[in-house]
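In our numbering, the protein residues as written are 1294 to 1569. Encoded as structure tokens, the structure appears first; notes follow it.
Here's what the structure looks like:
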């Protein structure tokens, strides 16, 4: 959601070197290469809570690569594993799978043992690339028959878990694609914050529906979220099994151009601002 106003420092994830840390902070060293999330990332220096920072897992990982990871890892591990209660063998669908967060969701779902991973995108060229990030089936979210296609792919049972970055009119479509007692975790509202909701279908399928955001979580909650993510995914991050494509890197003084490029929605993967 939108926050701040004129003068707000933008950016929510970053990578760099530790300059200094508070008296009560342990486990970090000055000059250590780290990545993390928090406010005011579009700057030469930023301040972050210790629980949102993790060392770069290998000497070969660049700052540019590292800067693409924190929010996608945090968001999708929390959505799939903690709130979505992903079980081995589950059929999982990621709405908006061609976004950076969505691409990470596909990879985490496969890593954690999903039996079928489905990704959606309204763009044919992007759908063609989803398989390379773990999707076994790519559906067109602008095609009103996509829920039936998901049902067909699961032998009529429906998917067990949907991570939804769209909502709006997709809310009822999501439920049509669901199995009985499926879970829907809403992490984004790119298609709208308000729409009709079929309460009868929701009840009939006994769907567990939860919305998540970082905006109302305490410092302690975010620290625990990151701890769980690192415990489950740390090895996969270190070995490169979880990674995101960089569509384009921009120099720091090209921030306005980078934001304009993002607004055109023609990219695949992440955009990076570099101070190098």
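Ideal placement from N, C-alpha and C gives every residue a C-beta, glycine not left out. It should be emphasised that the depicted structure is a prediction, and the values quoted were computed from it without experimental measurement.
Here's a check: name, in chain order, each residue in its chain whose Cβ is nearer than 8 Å to the Cβ of residue i, leaving out the five neighbours to either side.
i, result
"residue 1490", "1464, 1465"
"residue 1525", "1370, 1374, 1405"
"residue 1399", "1387, 1390, 1410, 1412, 1423, 1426, 1427, 1428"
"residue 1416", "1391"
"residue 1336", "1302, 1304"
"residue 1472", "1384, 1447, 1450, 1451, 1452, 1453, 1498"
"residue 1342", "1331, 1512, 1515, 1516"
"residue 1439", "1413, 1432, 1433, 1466, 1470"
"residue 1555", "1564"
Which same chain residues end up closer than 7 Å to residue i when comparing Cβ atoms and leaving out the 5 residues on each side of it in sequence?
i, result
"residue 1523", "1347"
"residue 1311", "1321, 1322, 1323, 1324, 1325, 1327"
"residue 1378", "1476"
"residue 1351", "1531"
"residue 1313", "1323"
"residue 1444", "1451, 1470"
"residue 1395", "1387, 1389, 1412, 1458"
Rounded to the nearest angstrom, how far is the Cβ of residue i from that of residue j, given a contact under 8 Å?
i, j, result
"residue 1488", "residue 1460", "7 Å"
"residue 1505", "residue 1372", "6 Å"
"residue 1535", "residue 1529", "5 Å"
"residue 1331", "residue 1319", "No, residue 1331 and residue 1319 are not in contact; Cβ-Cβ is about 19 Å, not under 8 Å."
"residue 1542", "residue 1357", "6 Å"
"residue 1548", "residue 1568", "In fact, because the Cβ distance is near 11 Å, the residues do not count as touching under 8 Å."
"residue 1333", "residue 1306", "Actually they do not touch by this definition, with Cβ atoms about 11 Å apart."
Please state whether DSSP places residue i in a helix, a strand or coil.
i, result
"residue 1325", "coil"
"residue 1440", "helix"
"residue 1504", "strand"
"residue 1299", "coil"
"residue 1548", "helix"
"residue 1479", "strand"
"residue 1569", "coil"
"residue 1420", "helix"
"residue 1314", "coil"
"residue 1474", "strand"
"residue 1525", "helix"
"residue 1543", "strand"
"residue 1564", "strand"
"residue 1465", "helix"
"residue 1520", "helix"
"residue 1533", "coil"
Which residues in the same chain have their Cβ closer than 6 Å to the Cβ of residue i, if we skip the five residues on either side of it in sequence?
i, result
"residue 1538", "1562"
"residue 1494", "1468"
"residue 1479", "1457, 1460, 1504"
DSSP has residue i in a bridge; who is on the other side?
i, result
"residue 1413", "1432"
"residue 1490", "According to DSSP, residue 1490 bridges with nothing at all."
"residue 1347", "1328"
"residue 1605", "Because the chain is modelled from 1294 through 1569, residue 1605 falls outside the range shown and cannot be assessed."
"residue 1460", "None; residue 1460 has no bridge partner."
"residue 1309", "1327"
"residue 1384", "1409"
"residue 1455", "1386, 1477"
*Quick one: any contact between the stretch 1371-1386 and the stretch 1403-1423, if contact means 3 or more CB pairs under 8 Å?*
yes
*Counting Cβ pairs closer than 8 Å, one from the stretch 1446-1461 and one from the stretch 1475-1487, do we hit at least three?*
yes
*Take every Cβ of the stretch 1355-1366, pair it with every Cβ of the stretch 1491-1504, and state whether three or more of those distances are shorter than 8 Å.*
no
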